[in-house]
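There are 2 protein chains.
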Amino acid sequence: MTTRQRIHIRTATVADAELIFGLIVELARCERAGHAVKTTPERLRESLFGETATAHALVCELDGKPVGYVVYFFNYSTWLGCNGLYLEDLYVTPEARGQGAGKALLKYLARQAVEKKCGRFEWAVLDWNTPAIEFYRAAGARPMDEWTVYRLDGQALRGFASA
Amino acid sequence: MTTRQRIHIRTATVADAELIFGLIVELARCERAGHAVKTTPERLRESLFGETATAHALVCELDGKPVGYVVYFFNYSTWLGCNGLYLEDLYVTPEARGQGAGKALLKYLARQAVEKKCGRFEWAVLDWNTPAIEFYRAAGARPMDEWTVYRLDGQALRGFASA
Numbered sequence: 000m001t002t003r004q005r006i007h008i009r010t011a012t013v014a015d016a017e018l019i020f021g022l023i024v025e026l027a028r029c030e031r032a033g034h035a036v037k038t039t040p041e042r043l044r045e046s047l048f049g050e051t052a053t054a055h056a057l058v059c060e061l062d063g064k065p066v067g068y069v070v071y072f073f074n075y076s077t078w079l080g081c082n083g084l085y086l087e088d089l090y091v092t093p094e095a096r097g098q099g100a101g102k103a104l105l106k107y108l109a110r111q112a113v114e115k116k117c118g119r120f121e122w123a124v125l126d127w128n129t130p131a132i133e134f135y136r137a138a139g140a141r142p143m144d145e146w147t148v149y150r151l152d153g154q155a156l157r158g159f160a161s162a
Numbered sequence: 000m001t002t003r004q005r006i007h008i009r010t011a012t013v014a015d016a017e018l019i020f021g022l023i024v025e026l027a028r029c030e031r032a033g034h035a036v037k038t039t040p041e042r043l044r045e046s047l048f049g050e051t052a053t054a055h056a057l058v059c060e061l062d063g064k065p066v067g068y069v070v071y072f073f074n075y076s077t078w079l080g081c082n083g084l085y086l087e088d089l090y091v092t093p094e095a096r097g098q099g100a101g102k103a104l105l106k107y108l109a110r111q112a113v114e115k116k117c118g119r120f121e122w123a124v125l126d127w128n129t130p131a132i133e134f135y136r137a138a139g140a141r142p143m144d145e146w147t148v149y150r151l152d153g154q155a156l157r158g159f160a161s162a
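Residue numbers (numbering that gives the first Met the number 0), protein chains in the order written: chain A, 0 to 162; chain B, 0 to 162.
In C-alpha cells, the structure reads:
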C-alpha cells in the first residue's frame, strides 16, 4: 500500500465543523496562541459553510481517519490581474506526521491554484517555526520578507471606523 | 466647502478598468516594482469585474476628478471564525495627497469591515515605506511582525503542483 493510497483529501462539509474546530485549537496551541481561538463549532458552521462563506476547507484522512485540515480562500493580485490562492491554516496531528499528509495537502492546493489560473499560492509562517519554514522552502516557496502585514481589529477598528 | 464634501468614494465598475490600470502602474512605480505589473486593462475587466471575480474595487474622486483607488477582498480567520477585510492596494496620486483622500478610503473600508462583521482589517506594507507606516500606525494598526508570507508562483508553483 503506497502513501498515495493511504492519504485521502476531501472537501469539508458542515458535518466536519466539530472536527475542524478541534484541529484549529490544536494548531493554535502549536503556534503558542491557544488563547487566541475565539471561534466555536457553531461559528464555523456559519462562517465556513453558510451562505455568505467565502473561504473553503479540506479534510485529510490517513487510513480512513481524519488527521489534518486546511482552510483557504482566494486573494487577488493587482500586479498580475488575477486571483491567488491563500492558505490560511494547514495542520496535521503530531501522530500522523512524517507520512506525507502535509505535503499532500500543499500539493492539492498547488494543483487547485494552477487549475483555477491563480498567479500565486501564498501563506504566512511564524518566523520561529523552523521546521515549517524548511518544509515550505523545500517546496520551492520564497519569503516575501520586504513586507509586513498591519492589522486593525477590536476597539481600534471600531474606533477608527466611527471617528 | 469641507473635505468631506470634496471627496467622493464610489464602487468601481468595468468602465473604470483603464483608469484603475493607470493607477496600478503608478502605485507599482512608487513601490519600486513597475516591472512587476503584468496585468492589462483587459485582464482587469475580467478578473475584477467578471463573473468569477472575488475582489472588489473603489474609486476615490476629489472635486469630481478620480485621484485614487483601492482593491480589497475578504479573507478568513480560523481563530475568530469569521471573515476579515484585506486591503490589497490603496493609492492616491501625488498631486491629490494631503487632502484626506487616503484616510477617507481607509475609513470607508474600516466601516465596511465593521458592517460586514469582519474580525480584522489588514493590509501589507513595504518595510521601507516610512510615510505609509506612520499613516497606518496613526490609524491604530499594529504590525504582525512575527509572521512572514511565503509565496510559490511561476515555474516553482507549476513544478510543485505537477511533481
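All C-beta atoms, glycine included, are put in the ideal place defined by N, C-alpha and C. Values in this document were obtained by computation on a predicted structure and should not be read as measured data.
The CB of residue 158 of chain B comes closer than 8 Å to the CB of 139 in chain A, given here in chain order.
Annotation: the continuous beta strand (DSSP E) that includes residue 86 of chain B extends over 81–91. Within the stretch 121–136 of chain A, 121, 122, 123, 124, 125, 126, 135 place their CB atoms closer than 7 Å to a CB of chain B, listed in sequence order. Beta-bridge partners assigned by DSSP to residue 142 of chain B: A/149. Within chain A, the residues placing a beta-carbon under 8 Å from that of residue 119 of chain B are 150, 151, 152, 156, ordered along the chain. Taken through DSSP and simplified to helix, strand or coil, residue 59 of chain B comes out as strand. Of the residues B/67, B/18, B/149, the one whose Cα lies closest to the Cα of residue 102 of chain B is B/67. Between the C-alpha atoms of residue 93 of chain B and residue 133 of chain B there is a straight-line separation of about 17 Å.
A straight line joining the alpha-carbon of residue 65 of chain A with that of residue 84 of chain A spans about 23 Å. Taking 9 Å as the cut-off, the beta carbon of residue 138 of chain A is found no closer than this to the beta carbon of residue 104 of chain A.
DSSP places residue 13 of chain A within a helical segment (H, G or I) once states are collapsed to three. Not one beta carbon of chain B lies nearer than 9 Å to the beta carbon of residue 64 of chain A.
For residue 90 of chain A and residue 32 of chain A, the gap between their C-alpha atoms comes out near 14 Å.
Rounded to whole angstroms, the Cβ separation of residue 19 of chain A and residue 52 of chain A is 13 Å, and the two are not in contact under 8 Å. The beta carbons of residue 108 of chain A and residue 86 of chain A sit closer together than 9 Å. Pairing residue 95 of chain B with residue 71 of chain B gives a Cβ-Cβ distance that is not under 9 Å.
Contact between the stretch 113–122 of chain A and the stretch 150–158 of chain B is present: three or more C-beta pairs spanning the two stretches fall below 8 Å. Under the three-state reduction of DSSP output, residue 5 of chain A falls in the helix class.
Considering only B/14, B/30, B/4, the residue with the shortest C-alpha distance to residue 129 of chain B is B/30.
Here residue 69 of chain B is not near residue 15 of chain B, since their CB atoms are 9 Å or more apart.
In chain order, 13, 16 place their CB closer than 8 Å to the CB of residue 44 of chain A, counting only its own chain and leaving out the 5 sequence neighbours on each side. With respect to residue 135 of chain B, residue 149 of chain A sits close: the two C-beta atoms are nearer than 9 Å. Here residue 127 of chain B is exposed, its C-beta having fewer than 16 other C-beta atoms within 10 Å. Listed by position along chain B, the residues whose Cβ is nearer than 8 Å to that of residue 23 of chain A are 77, 78. For residue 42 of chain B, the nearest beta carbon of chain A is closer than 9 Å to its own beta carbon.
Assigned with DSSP and collapsed to three states, residue 119 of chain B falls in strand.
Considering only B/124, B/6, B/131, the residue with the shortest C-alpha distance to residue 63 of chain B is B/6.
Of A/147, A/82, A/88, A/144, the smallest CA-CA separation from residue 22 of chain A is found for A/88.
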